Structure formats: C-alpha cells, structure tokens
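In the working numbering, the protein residues as written are 318 to 797.
We put the CB at the ideal spot given by N, CA and C, even for glycine.
In this text the structure is predicted, and so the values were computed from the model without any measurement.
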C-alpha cells in the first residue's frame, strides 16, 4: 500500500513535469504547477522512506493530500476540462484497492466535493454534466476494483486456509504414526478434525463386534454424544452414513437427534457425518458437531477431513497390526501365556515396582513331571493337551496380580507379587490342588532380597527347582 501510494505521487509529479514542456493553455500558471510537482516528488519520497513507521490512518491523510494536489493542478491548469482531472481516477483506484469499501467511497465523495468546487469557481459550461460523468466513472471503476480485490482476498484466504489445513493434516499424520495405541490415534484424529472444521465436538463412531450398533470410540471437545446408536435407524445421521457410505451435513433441528446425549439435544445445532473408508468399505463414521449455527463446511475443508479420515484409517489398522504382532511375539502359541521373551521384559519391571513400593516378591519355577514320558508314550498331542490344561488351571488358581509364563518346554515361571516365601508356598499349594488329577510338578521358589538382578533371582529359583526334581527322582527310586 505504501509503495503504491509513494510511486503514484512520483508518477504524477513526473507526468506533470512532462506536461509543462508540452503545448498548454495560455492561462496555465506554470509556477503554481511547478510547486505542485515539487510537493508531489517530496511526498512520494517521504512515503517510500518512512512507510514502515507510518500508522494506518496516515495513509488516508496522504491520499487526501494527493486529492488536494490534483485539485490544485486542475485549478492552475487554466481550464476546467483539464487533462489533470484524470488523476482523480488514481485516487479512487487506490482507495478501493487498499481501503474498506465505505472508506474508499468517502474518498470518492471528497474528490466529488473538490472537483465540484473547481468547476464552480471557474464557471465552466456544462459543469454539472461533466461532474456527474466524472464521479460516476470513478464509482463504477471503484466497484470493479472492489470486486476484484475481494475476489483476490477470498482466493488468498482460501489458499491460506488450505495451507493451514494441509499443515494440520501433515502434523496430525506425524503424530498419529507415532501414537503407541489405536485409541490415542482415534483421539488425535477427532481433535485434528474438529480443529480443521472449527467444530465444538468430534466423535468417531465404530461398530460393535456384532455390527448391530455404533459406539463412540473417541470423542474430542465437548462430549455431546450418546453411548450407543442402532444401525437399523436410518433417521440417525451417523448410522445412515455408515450404512450408505455417503457423507452428509444437516441441521439437527430437523433431525430426531438420537445420537446426542439427552442433555445436549437442542444445544447441538449442526452436524457433519463423514464415513471412514478402508478398502472401499465403511469401517467408522467421523461426526463433527457445532453448538452454534454454521454454514456447511467448504469443499476444501471437507476434502481435508476426507483425507484425514483416510489416513487415520490406515494408521489405526497399522497400530492394530503392530499390537497383534507384539502380542504374537510375546505370547506362547500353545498355551496363550506370556513366552520367555515377555518374561524377560516383565520380571525386571516387576522387580523395579516392588523396590519402589517396598514390598516383597517371589519367583516360582514350575516343571511338569513326566512330560517327556507322556510325549514318548502317547505322542506330542497328548503332551500339548497336558501343557494347555496345566496352563489354564494354574492361571485360574493364581491371583490377578500374579503373572504366569511358559518358560520353555515343560517349564513354567510365575511372578508372585507381595509374597514372602511362606505366602508363596501357600500359592503353590493352590496350584497343586488345581493340577489335573494324576499329574504332578516340581517347583523352585526364590524370594528377592532387594539387591539381586533378574538373572541372579532366576538362577536361585532354577537351582531350587532342580534340587526339588532331584529329590523327587530319589524319592521315586527309593519307593521302587
């Protein structure tokens, strides 16, 4: 704005200087016009030099001064029908380009008063018709400039919004792919979508296992939704979007609003339902809710939400897959218990927790007696059945705070929290009672002394297990 105004001053001064060497009216006051030229050059240079320190209101003053210089040039040109009058168009174009519509119109009004004064003083013929034609031309030019400027501003704002939305999606994707759980990913999706659409609340509706109803898997912002939606009711926006796979936007004053919590029906005014697709199938519905009247989201906003929902669907599937892979990597396939790898991670963690909370901890090593003989006599299928039966029975007999793992082969290991040796022995007795009839096992118990590392604690329990097995073998041999 400042550069435009400064260069308009300099351009006007230069054209005025050239006009002085061209043929002109006999009544032209060359001295007064020369002063005008000097003032215009000075004004342009000052604006270009100090514009960074100029407050906004001073641009109106500078434009008014420019209108005054144009009026003075028209007056001293010696004729009312002066070619200097074309410069009034510059003032109007500048005003409608940079000022608000009302402000630019007021500047045109000032131009109209100034031009009317010149025509009146010089007693020009057909002055009224000339004034009307000039000012009308200024206003028409202003209307077109104003329309063009507004269109450019809208496009610029839309481009800025698109860039902001894209940045929000990219940022969300970075966060989503770093989220450790699917639930965190879902919540991040809702938060980002509500921010992009400037919604008061967002919910991700997902089907239950039997696909008979939708439940809110995540909610961001105000919790305005119900706890469950029937997929069989087409009047419910989220259910309709899930069944049809088509997005929709509606005023909830025209909807039953059954997907809203009873306390929020009537508060939520508008909603947008966007299906979340994976492999062309609807897997969820992203719903956005507004508490105040809003227009339907623009196409660029809806496109951003579609992109966000698609990426989130991929991210959720990825997190679920990683969770399944992690479970597989840490679970014994036969018994469903933790495997040796998981045990090595869990034991140090439980030892650290026991140290923080100043409570005892015991480890039990369990070995099923006669498993090798059973495998050799009846086959590995019988041995596998015995392992699964023992695992299920022992898991039920232990407390929820205890941890049982298959350590390998016929060996199991258990972390017995908040237990000293006498308490641990009582738990072992419960395992004996739970063991399938006709079967037995050997056990080695070790109580953590608070200083041992996991390897030393396991070595102690393992040594006691083998001592127990040796004693059982010796006892069996003696009996024979």
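Limits of the unbroken alpha helix (DSSP H) element including residue 336
As a working note, residue 336 is residue 19 in the chain shown. 319-338 is the span of the alpha helix (DSSP H), which, as asked, contains residue 336.
Under 8 Å by Cβ, that's how I've got residue 759 and residue 782 pegged, so tell me the actual separation to the nearest angstrom.
Numbered from its first residue, the chain shown carries residue 759 at position 442. Numbered from its first residue, the chain shown carries residue 782 at position 465. Going by Cβ atoms, the distance from residue 759 to residue 782 rounds to 6 Å, so yes, they are a contact pair.
Between the Cα of residue 619 and the Cα atoms of 509, 524, 596, which residue gives the shortest distance?
Mapped onto the chain shown, residue 619 falls at position 302. Of the candidates 509, 524, 596, the one whose C-alpha sits nearest the C-alpha of residue 619 is 509.
Which residues bound the beta strand (DSSP E) around residue 415?
Within the chain shown, numbered from 1, the residue matching residue 415 stands at position 98. No beta strand (DSSP E) holds residue 415; the alpha helix (DSSP H) holding it covers 404-415.
Considering Cα atoms alone, identify which of 365, 322, 622, 716 is closest to residue 483.
Residue numbering aside, residue 483 sits at position 166 when the chain shown is read from its first letter. Ranking the options by Cα distance to residue 483, first place goes to 622.
Nearest residue (CA-CA) to residue 500, options 637, 328, 704, 488
Stepping through the chain shown from its first residue, residue 500 is reached at position 183. Out of 637, 328, 704, 488, 637 has the C-alpha closest to the C-alpha of residue 500.
Nearest to residue 624 by CA position, among 756, 593, 449, 526, is which residue?
Taking the chain shown and counting its residues from 1, one reaches residue 624 at position 307. Of the listed residues, the one whose Cα sits closest to residue 624 is 593.
Taking just the CA atoms, how far does residue 375 sit from residue 446?
In the chain shown, the residue the question calls residue 446 occupies position 129. In the chain shown, the residue the question calls residue 375 occupies position 58. Looking at the two C-alpha atoms, the distance is approximately 33 Å.
Contact check, residue 353 vs residue 383 under 8 Å by CB: the rounded distance?
On the chain shown, position 36 is the one that residue 353 refers to. On the chain shown, position 66 is the one that residue 383 refers to. That pair is no contact at about 11 Å.
When the Cα atoms are used, what is the spatial distance from residue 433 to residue 359?
Here residue 433 is taken as the residue at index 116 of the chain shown, counted from 1. Here residue 359 is taken as the residue at index 42 of the chain shown, counted from 1. Each residue's alpha carbon lies about 27 Å from the other.
Nearest-angstrom Cα separation, counted from residue 540 out to residue 408:
On the chain shown, position 91 is the one that residue 408 refers to. On the chain shown, position 223 is the one that residue 540 refers to. Near 54 Å, if we compare the C-alpha coordinates of residue 540 and residue 408.
Bridge partners for residue 761 per DSSP, in chain order?
Sequence index remark: in the chain shown, residue 761 carries index 444 (1-based). The partner list for residue 761 (beta bridge, DSSP) reads 682.
Measure the beta-carbon distance from residue 710 to residue 751 and round it to whole angstroms, keeping in mind my assumption that it falls under 8 Å.
Within the chain shown, the letter at position 393 stands for residue 710. Within the chain shown, the letter at position 434 stands for residue 751. About 4 Å; that satisfies the 8 Å criterion.
Residue 581 to residue 596, Cα distance in whole Å?
Here residue 581 corresponds to residue number 264 of the chain shown, with the count starting at 1. Here residue 596 corresponds to residue number 279 of the chain shown, with the count starting at 1. In a straight line, the C-alpha of residue 581 is about 35 Å away from that of residue 596.
Exposed or buried, residue 369, counting other C-beta atoms within 10 Å across all chains shown (16 or more means buried)?
The residue given as residue 369 occupies position 52 in the chain shown. That one is exposed.
Since residue 435 and residue 381 are thought to touch, with beta carbons under 8 Å apart, how far apart are those beta carbons, to the nearest angstrom?
For this step, residue 435 is matched to residue 118 along the chain shown. For this step, residue 381 is matched to residue 64 along the chain shown. Their Cβ separation, rounded to whole angstroms, is 16 Å, which puts residue 435 and residue 381 out of contact at 8 Å.
Could you say which of 395, 348, 778 lies nearest to residue 342 if we only look at CA atoms?
Taking the first residue of the chain shown as position 1, residue 342 is located at position 25. Measuring from the Cα of residue 342, the nearest candidate turns out to be 395.
What's the gap between the Cα of residue 696 and the Cα of residue 776?
Your numbering for residue 696 matches position 379 in the chain shown. Your numbering for residue 776 matches position 459 in the chain shown. One C-alpha to the other measures close to 31 Å.
With H, G and I counted as helix, E and B as strand and the rest as coil, what does DSSP make of residue 736?
Counting from 1 along the chain shown, the entry for residue 736 is found at position 419. It is coil, neither helix nor strand.
Residue 650 by DSSP, collapsed to three states: which one?
By 1-based counting over the chain shown, the position of residue 650 is 333. Residue state, collapsed to three classes: coil.
Is the beta carbon of residue 588 sitting closer than 8 Å to the one on residue 654?
In the chain shown, counting from the first residue as 1, residue 588 sits at position 271. In the chain shown, counting from the first residue as 1, residue 654 sits at position 337. Not a contact, by the Cβ cut-off of 8 Å.
Among 662, 736, 715, 689, whose alpha-carbon lies nearest the alpha-carbon of residue 770?
Sequence index remark: in the chain shown, residue 770 carries index 453 (1-based). Minimum Cα distance to residue 770 is reached at 662.
First and last residue of the uninterrupted beta strand (DSSP E) at residue 587
Locating residue 587 in the chain shown gives position 270, counting from the first residue. Its beta strand (DSSP E) spans residues 587-595.
Is the beta carbon of residue 516 closer than 8 Å to that of residue 605?
Looking up residue 605 in the chain shown gives position 288. Looking up residue 516 in the chain shown gives position 199. Yes, these two residues count as a Cβ contact at 8 Å.
Residue 575 (DSSP reduced to helix, strand or coil)
Position 258 of the chain shown, counting from 1, holds the residue named residue 575. Three-state DSSP puts residue 575 in coil, outside helix and strand.
Evaluate the contact criterion for the stretch 524-536 versus the stretch 637-652: three or more CB pairs, one atom per stretch, below 8 Å.
no
Taking only the alpha-carbon atoms, compute the straight-line gap between residue 438 and residue 344 and give it to the nearest angstrom.
In the chain shown, counting from the first residue as 1, residue 438 sits at position 121. In the chain shown, counting from the first residue as 1, residue 344 sits at position 27. Going by the C-alpha atoms only, they are around 15 Å apart.
Nearest neighbour of residue 701, chosen from 466, 713, 685, 331 [CA to CA]:
Here residue 701 corresponds to residue number 384 of the chain shown, with the count starting at 1. Minimum Cα distance to residue 701 is reached at 685.
Counting only runs that start and end within the stretch 689-751, where is the beta strand (DSSP E) found for 3 or more residues in a row?
720-725, 728-734
Residues of its chain near residue 599, where Cβ-Cβ distance is below 6 Å and the 5 sequence neighbours each way are ignored
In the chain shown, residue 599 corresponds to position 282, counting from 1. Contacts found: 559, 562, 592.
Provide the residue span of the alpha helix (DSSP H) that contains residue 376, from first to last.
Numbered from its first residue, the chain shown carries residue 376 at position 59. Element bounds for residue 376: 374-393.
What separation, rounded to the nearest whole angstrom, lies between the Cα atoms of residue 738 and residue 765?
On the chain shown, residue 738 is found 421 positions in, with the first residue counted as 1. On the chain shown, residue 765 is found 448 positions in, with the first residue counted as 1. Going by the C-alpha atoms only, they are around 10 Å apart.
Cβ distance (whole Å) where residue 531 is taken to contact residue 548 below 8 Å
The residue labelled residue 531 in the question sits at position 214 within the chain shown. The residue labelled residue 548 in the question sits at position 231 within the chain shown. Confirmed, Cβ separation roughly 6 Å.
Option nearest residue 512 by Cα separation, candidates 498, 537, 533, 555
On the chain shown, position 195 is the one that residue 512 refers to. Of the listed residues, the one whose Cα sits closest to residue 512 is 537.
Can you tell me whether DSSP reads residue 755 as helix, strand or coil?
Numbered from 1 along the chain shown, position 438 holds the residue referred to as residue 755. Here residue 755 sits in coil by DSSP.
Going by beta-carbon coordinates alone, are residue 555 and residue 569 separated by less than 8 Å?
As a first step, residue 555 must be located in the chain shown, where it is residue number 238. As a first step, residue 569 must be located in the chain shown, where it is residue number 252. Not closer than 8 Å, so no.
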